[in-house]
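Those sequence lines, one after another, are chains A and B. Going from the first sequence to this note's numbering is simple: count from 1 and add 19. Going from the second sequence to this note's numbering is simple: count from 1 and add 19. Some notes on the structure that comes next.
There are 2 protein chains.
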Amino acid sequence: MTLFHGLSAFPITPADEGGRVDTGALAGLLGRLQAGGVDSVGLLGSTGTYAYLNRAERRRAIAAAAEALGGRTPIIVGVGALRTDEAMALARDAQEAGADGVLLAPVSYTPLTEEEVFQHFVAVADASELPLCIYNNPGTTHFSFSDALIARLAGVKRIVAVKNPSPAPEAAQARVAALRALVPEGFALGYAADWGAAGAVLAGGVAWYSVVGGLLPKPALALMRAAQAGDAAEVRRLDAGLAPMWELFREYGGLRVVYAGANLLGLTDAQPPLPILPLDAAARARIGAVLDGLGG
Amino acid sequence: MTLFHGLSAFPITPADEGGRVDTGALAGLLGRLQAGGVDSVGLLGSTGTYAYLNRAERRRAIAAAAEALGGRTPIIVGVGALRTDEAMALARDAQEAGADGVLLAPVSYTPLTEEEVFQHFVAVADASELPLCIYNNPGTTHFSFSDALIARLAGVKRIVAVKNPSPAPEAAQARVAALRALVPEGFALGYAADWGAAGAVLAGGVAWYSVVGGLLPKPALALMRAAQAGDAAEVRRLDAGLAPMWELFREYGGLRVVYAGANLLGLTDAQPPLPILPLDAAARARIGAVLDGLGG
């Protein structure tokens, strides 16, 4: 299994109120993902609250993950930052601390142009020797990559993969094929937004970057393996079983749900960084019922 | 003239490639605004690239501004940050370094709920003794305040003003009146988005938070004084003169335009923080022509 293929599980990064990472709790979460058999760990993704952690804490988290995983599960690390020089430094840190690849989102405050995003990616790809995956996450970055920009970036050294939002099910075949036709052989098309990713894999995608996989690796892996085998009927069956989880994600946001889930499963007491609030008791009860139903 | 009333001029914050603020150049820009007679300076607003500067540099900028302005022009300082604890620290820094008020935007990565924004504002308002203006800037923060949320925040100690996007001209009277009816007497309704703010002031707004005012204080002040005097015909005449500038703002974004303008006027050689790119020669030529036409 090459990097940027298969199920990449995106866990939370347990930290205290001041943003100090709890490396022990993180190692516990990662051991569980490794035991579950995930193909890679997506450390410091959006759900891993990379945007809320400073450079020193991000580096501590990577070093702790590298030690916990012992080289047997590859680590993809989010290195997004508002400033280009900061993202470059984070990419260098990731390499030095033991990451296998980096994931770069065009974090924005002032809305960015396509050329600004292109130059930003070239600079960060050049800052380390790690392969880079384009993190196209318009819901948080407020920048949406055109297929043409992805194709242009796919020609840059070390930029070898994309993590796209999942297309609508009825458009998945056409969307995956259209992008596939624009990028080099071997450029890895991966998908996020948990409730559509299996469909995108059935349509030819090679990776699922999964929030639910960071909490519940077993049902996520079962779904991914069915999609990789091209078994559409099994994908439908397993996806239907996860539907109550997708509903919670849409209602509360995946990040708030998986924090509550990790608390309910006794994995960590950590809460999201303020201003993001923990979910209330009613929401937690709903999440608990869904976890019980999934055998979580 | 009380704080959060009148023309608040929002300059760029000149800095080098590494994000080190050029306090000498900043003092020069501020002296020009003070000489122009602006009612306040909006330091470290969106155009002042607060989101791209670290805490130490933001504090240096405030201290330099306080020294340059000598207490004769009030300073409103942007204290937005992704984390609540960071925004609280920035508010304390602002008070200690000589600010007269703070401006708080709900900077987001994970999209925020209304309750999360409310709690964030309560915490930051409580962190210093300075009066606070709500910075409602959906184009950069991706959070849009409802009138109901502004009214709820207006009941919190020290939250005394709002900087809203300017309403569409045909809706200005109704929108300003609707919000006015929801907030306490004395709560200051101010407007940004330069091309509509004078209309909102004619409709009853009391402040214009102005990007163009941070570069060209004299034409901005003339427009604001006409709006404050209720002289709609003069507002139309002066606003028409600034129309070529509004067109550039809409096309390139105000921040890129005022950096180029400050370069062309010989005020500073500073460029925007990467990934934001300087405008190209053709755009700069257009900006130069508009500045010549305005007698800038």
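Ideal Cβ placement from N, Cα and C applies to all residues, glycine included.
| Item | Value |
| --- | --- |
| Could you compute how far the alpha carbon of ASP213(A) sits from the alpha carbon of HIS24(A)? | 16 Å |
| Chain B partners of GLU134(A), CB-CB under 7 Å? | LEU296 |
| Between LEU201(A), VAL277(A), ALA226(A), which lies nearest to LEU235(A) when the distance is taken from Cα to Cα? | VAL277(A) |
| Would you check if the distance between the CB atom of VAL254(B) and the CB atom of ALA262(B) is smaller than 8 Å? | no |
| Can you check DSSP and say which residues form a bridge with ASN183(A)? | TYR210(A) |
| Do you know how far the Cα of GLY215(A) is from the Cα of ALA187(A)? | 7 Å |
| Taking 8 Å as the limit between beta carbons, can you name the residues of its chain near GLU148(A), skipping five residues before and five after? | GLN114, ARG177 |
| Taking the straight line between their C-alpha atoms, what separation do you get for ALA146(B) and PRO125(B)? | 16 Å |
| Among PRO30(B), ALA142(B), SER165(B), which residue has its Cα nearest to the Cα of THR66(B)? | PRO30(B) |
| What three-state label does DSSP hand VAL98(A) in the structure shown? | coil |
| Whose Cβ in chain B lies nearer than 9 Å to the Cβ of GLU65(A)? | First, the residue type needs correcting, since residue 65(A) is Ser and not Glu in the sequence shown. Per Cβ cutoff of 9 Å: TYR128, THR129. |
| Answer with buried or exposed for ALA193(A), where buried requires no fewer than 16 other C-beta atoms within 10 angstroms of its C-beta. | exposed |
| Given that ALA70(B) touches chain A, what residues does it touch there, using C-beta distances under 7 Å? | LEU101, TYR128 |
| Measuring only the C-alpha atoms, how far is ILE94(B) from LEU151(A)? | 43 Å |
| The beta strand (DSSP E) that contains GLY61(B), what's its start and end? | 59-62 |
| Taking the straight line between their C-alpha atoms, what separation do you get for LEU298(A) and THR32(B)? | 39 Å |
| Just the chain A side, please: which residues come within less than 8 Å of LEU274(B) by C-beta, in chain order? | THR129 |
| Identify the residues that DSSP records as bridge partners of ALA34(B): which are they? | VAL40(B) |
| Once you ignore the five residues that flank GLU133(B) on each side, which residues in its own chain have a CB closer than 8 Å to its CB? | SER165, LEU168 |
| Alpha helix (DSSP H) containing GLY260(B): first to last residue? | 251-271 |
| Note down, in chain order, every chain B residue with its Cβ under 7 Å from the Cβ of THR159(A). | TYR128, THR129 |
| LEU123(B) lies in the beta strand (DSSP E); which residues open and close that run? | 120-123 |
| With a CB to CB cut of under 7 Å and the five nearest residues on each side skipped, what residues in its chain are close to ASP288(A)? | ASN282 |
| What is the residue span of the alpha helix (DSSP H) that LEU240(A) lies within? | 236-247 |
| How is ALA300(B) classed by DSSP in three states: helix, strand or coil? | helix |
| On the CB-based measure, 16 or more other CB atoms within 10 Å of its CB, does SER185(A) come out buried or exposed? | buried |
| Looking only at its chain, what residues have a beta carbon closer than 6 Å to the beta carbon of TRP265(A), apart from the 5 residues adjacent to it on each side? | TRP214 |
| At 9 Å on the CB atoms, spell out the chain A contacts of LEU293(B), in chain order. | ARG102, THR103, ASP104, GLU135, GLN138, HIS139, ALA142 |
| Go ahead and label GLY205(A) buried or exposed: buried means 16 or more other beta carbons lie within 10 angstroms of its beta carbon, across all protein chains shown. | exposed |
| With burial defined as no fewer than 16 other Cβ atoms inside 10 Å of the residue's Cβ, what is the status of GLU135(A): buried or exposed? | buried |
| Taking the alpha carbon of PRO291(A) as the point to measure from, which residue in GLY272(A), PHE140(A), ASP104(A) has its own alpha carbon closest? | GLY272(A) |
| Thinking C-beta only, is VAL57(A) closer than 8 Å to GLY232(A)? | yes |
| Name, in chain order, the residues that DSSP records as bridge partners for SER27(A). | SER59(A), TYR228(A) |
| If you measure between the beta carbons of ALA252(B) and GLY223(B), is that distance less than 8 Å? | no |
| Does the beta-carbon distance from THR159(B) to TYR128(A) come in below 8 Å? | yes |
| Take every Cβ of the region 43-61 of chain B, pair it with every Cβ of the region 73-89 of chain B, and state whether three or more of those distances are shorter than 8 Å. | yes |
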